[in-house]
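Worksheet for the structure shown next.
Numbering (my numbering), first residue to last: 1 to 257.
Right, here's the structure in full:
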């Protein structure tokens, strides 16, 4: 049976790779490298850098594939994403059928960890449900952007005895800071939703290009640093053509008993 290795490669630093991940890269017959266009060529380049550094199996080959752009959002966010995932499922299916023999092993190199705000596992399940090819899936965990963010800011993720909520920029803007969690980690925020938070005494720890030589981190009272983050983010995106950032918002003070 064919095998797909879904490998978490960390948040941007090649040294984030675990020993397990390095071993998995060298098990694969084919390493599938996504190409998201010239604007995000840095992301493909980093995957190639990882392969150059850690792949020692001469039989392992690299196979590039194009990733379709997601359509402009319609009134239904879920429907737009669903259509996009269906397109990618067709690409994954073709890669499995065309590049792997009956007992071949392929690998997807996933930014961060496959379980956190990545859809490769859901898309592979779509491929399985199509019924055109059978395969096993193995998941190799990686260091997440959340771990890298906290490490760069030298902070603990949670306050003592206090829950943490992981959400998106869209949800933060719509729902605000939660009543039942003192810490919020926000991912996939393209519109600086932290500006909508009413409590300007909240503390923000923001980071972009985490783990890479281009890493930028800013922290402080939200009311004091939000304009600086917005300006820094815009400048960085204009310079590189893309940005990947995340941030942690924390209510002031300690958690109540």
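Built from N, CA and C at the ideal position, the CB exists for glycine as well. Predicted model, so just to flag it, every value in this text is computed and none were measured.
- Contact between residue 57 and residue 26 holds, since their C-beta atoms are separated by about 4 Å, short of 8 Å.
- In the structure shown, residue 215 falls within a coil segment according to DSSP collapsed to helix, strand and coil.
- Under a 10 Å Cβ-count criterion, residue 204 is classified as buried, with 16 or more other Cβ atoms of the shown protein chains found around its own Cβ.
- Under DSSP, residue 30 shares a beta bridge with 61 and 106.
- Secondary structure in the stretch 108-165: the beta strand (DSSP E) runs of 3 residues or longer, each lying completely within the stretch, are 135-140 in chain order.
- Residue 53 and residue 96 have their C-alpha atoms some 25 Å from each other.
- With contacts defined by Cβ atoms closer than 7 Å, residue 62 and residue 43 do not form a contacting pair.
- Here the C-alpha atom of residue 206 lies approximately 10 Å from the C-alpha atom of residue 222.
- By the CB criterion at 7 Å, residue 195 and residue 226 fall inside the cutoff.
- In chain order, 185 place their CB closer than 6 Å to the CB of residue 166, counting only its own chain and leaving out the 5 sequence neighbours on each side.
- Secondary structure at residue 201: coil, using DSSP grouped into helix, strand and coil.
- The continuous alpha helix (DSSP H) containing residue 170 extends over residues 169-175.
- When beta bridges are read from the DSSP output, residue 206 appears opposite 218 and 247.
- Residue 189 sits in coil when the DSSP states are folded into three classes, being neither helix nor strand.
- Around the CB of residue 147, 16 or more other CB atoms lie within 10 Å, so the residue is classed as buried.
- With a beta-carbon spacing of about 6 Å, residue 137 and residue 6 fall inside the 8 Å limit used to define contacts.
- Pairing residue 48 with residue 143 gives a Cβ-Cβ distance that is not under 7 Å.
- As DSSP reads the structure, residue 35 sits in a beta bridge with 66.
- For residue 83, the closest alpha carbon among the candidates 117, 114 and 122 is that of 122.
- The bridge partners DSSP lists for residue 4 are 106 and 137.
- Apart from sequence neighbours up to five positions away, the residues of its chain that approach residue 252 with a beta-carbon distance below 6 Å are 201, ordered along the chain.
- By the 16-neighbour rule on beta-carbons within 10 angstroms, residue 120 is buried.
- DSSP places residue 55 outside both helix and strand once states are collapsed to three, so it counts as coil.
- By the Cβ-count criterion, residue 190 is exposed, with fewer than 16 other Cβ atoms from all chains shown falling within 10 Å of its own Cβ.
- Short of 7 Å from the beta carbon of residue 92, and not among the five residues preceding or following it, lie these beta carbons of its own chain, in chain order: 123, 124 and 127.
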